[in-house]
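Taken in sequence, the protein lines are chains P and E. Per the numbering used here, the first sequence starts with residue 64, numbered consecutively. Per the numbering used here, the second sequence starts with residue 52, numbered consecutively. C-beta: ideal position from N, C-alpha, C; glycine also. Quick caveat, the model's predicted, so the values are computed rather than measured.
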Amino acid sequence: NAGVMQNPRHLVRRRGQEARLRCSPMKGHSHVYWYRQLPEEGLKFMVYLQKENIIDESGMPKERFSAEFPKEGPSILRIQQVVRGDSAAYFCASEGSSNQPQHFGDGTRLSIL
Amino acid sequence: GDSVTQMEGPVTLSEEAFLTINCTYTATGYPSLFWYVQYPGEGLQLLLKATKADDKGSNKGFEATYRKETTSFHLEKGSVQVSDSAVYFCALSDSGNTPLVFGKGTRLSVIA
């Protein structure tokens with residue numbers, strides 16, 4: 064059974080470029096969460112999606128950040144016009160039914176030059 | 052809003068020592084509580100969980116008991132190994148299919 068797959072594992076971008084982070088949930092999971100981890104910090108919730116729907120985006124910055132989870136294909140977290148402060152590890156977690164815990168991917172480590 | 056507070060690290064222990072990592076929470080309802088572990092360069096792995104008061108979660112020699120009266124979920128292990136070196140995160144969830152709220156993490160280093 065494949066776990067949560069994230070790619071790329073490492074992503075380097077220059078200021079002003081776009082970053083696209085992908086997440087394929089575990090088989091059978093239809094709930095996806097994105098979290099951001101700054102150095103030496105815990106994970107902070109960004110957005111919660113189900114297929115074709117954003118359920119809760121209260122943790123996501125209003126500008127430059129967007130997320131989708133299309134009917135087919137992975138969930139995408141998109142950061143436009145990246146700045147140095149976007150450097151972090153971005154983790155995706157998926158969940159099946161409400162009685163199951165979230166399972167995490169290995170993360171994408173984003174570095175902004 | 053909900054929050055989780057865990058003891059600051061780093062914690063350095065000798066092999067076979069007893070481990071306690073304190074975790075307390077603030078929540079309006081009756082959350083589920085979790086401990087996740089993160090090894091270097093990897094994502095978070097669920098270590099154990101408890102869904103109601105007085106539940107004890109256990110896995111790989113680690114234990115934590117859901118204490119509603121003290122709003123705590125302290126992680127314990129009787130005898131740590133070098134391979135337990137990692138960052139440990141305490142977290143809560145208000146209910147199913149809701150975001151997790153994490154503590155800042157506690158880095159554990161176990162030396163031989």
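L95 (chain E) and E104 (chain P) have their alpha carbons spaced roughly 13 Å apart.
Under the Cβ distance rule, L159 (chain E) does not count among the residues neighbouring chain P, no pair being separated by less than 7 Å. Counting C-beta pairs with one atom in each stretch, the region 72 to 88 of chain E and the region 111 to 118 of chain E have three or more that are closer than 8 Å, which means they touch.
Take the alpha-carbon of G92 (chain E) and the one of A152 (chain P): they are about 10 Å apart.
Residue contact with chain E for P164 (chain P): present (Cβ-Cβ distance below 7 Å to some residue of chain E). Proximity of E120 (chain E) to chain P, defined by a Cβ-Cβ separation below 7 Å, is not satisfied. Leaving aside the five residues that flank S174 (chain P) on each side, the residues in its chain whose CB is nearer than 8 Å to its CB run, in chain order, H73, L74, V75, R76, S150. From the listed residues E:A101, E:S65, E:E66, the smallest Cα separation to R118 (chain E) is found for E:A101. Residue-level contact by beta carbon holds for F167 (chain P) and chain E, with a gap shorter than 7 Å. One thing to note: Q144 (chain P) has its Cβ within 7 Å of the Cβ of R127 (chain P). Residue P:V110 holds the alpha-carbon nearest to the alpha-carbon of P150 (chain E) among P:R85, P:V110, P:M68, P:Q69.
In the DSSP assignment, T56 (chain E) falls within the unbroken beta strand (DSSP E) covering 54 to 57. Within the same chain, and ignoring the five residues on either side of E127 (chain E) in sequence, the residues whose Cβ sits closer than 6 Å to its Cβ are T71, E114. By the C-beta density criterion, P82 (chain E) is buried, having at least 16 other C-beta atoms within 10 angstroms.
Look at N73 (chain E): its C-beta is not under 7 Å from any C-beta on chain P.
Bridge pairing for Q69 (chain P): P:C86 [DSSP].
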